[in-house]
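S.K.: Sharing a structure here in structure tokens format.
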Amino acid sequence: MGHYSFKKKMNSEQEIHHFLNNYKESIQAMHLNEIITHGKSAAAEGNFLLNGTLYHFCHLIKFNKAGKSGKIKEIRTFILPS
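Counting in the working numbering, the sequence shown runs from 94 upward without gaps.
Next up, the structure:
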């Protein structure tokens, strides 16, 4: 099993949409197993099928403040192929 990592800072919602649009046609399926929120933190865990390969992922999200008005401050994503 390999290790894949990259760091990309995106400064606007437009940059995020552009980045994600590169993958939307290739993902055949996605399943969210769990979403957890507490205070200024959240996590989402699941898997997706990309070009016939199943990947498992975990997103760790930090917000600038707790509550519904909080904005995303940082997202760390871990992806492992099956």
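Just so it is clear, CB atoms sit at the ideal spot from N, CA and C, and this is done for glycine as well.
Which runs of the beta strand (DSSP E) spanning at least 3 residues fall entirely within the region 114–164, listed in chain order?
M.R.: Whole beta strand (DSSP E) segments, 3+ residues: 120–131, 134–143 and 146–156.
S.K.: Any chance the region 137–144 sits against the region 112–124, with 3 or more Cβ pairs inside 8 Å?
M.R.: At 8 Å Cβ cutoff, the stretches touch.
S.K.: Skipping 5 residues on each side, what residues in its chain have a beta carbon closer than 6 Å to that of residue 171?
M.R.: Counting only Cβ-Cβ distances below 6 Å, and skipping sequence neighbours, we find 151.
S.K.: Tell me, please, which residues DSSP counts as bridged to residue 171.
M.R.: Residue 171 pairs with 151.
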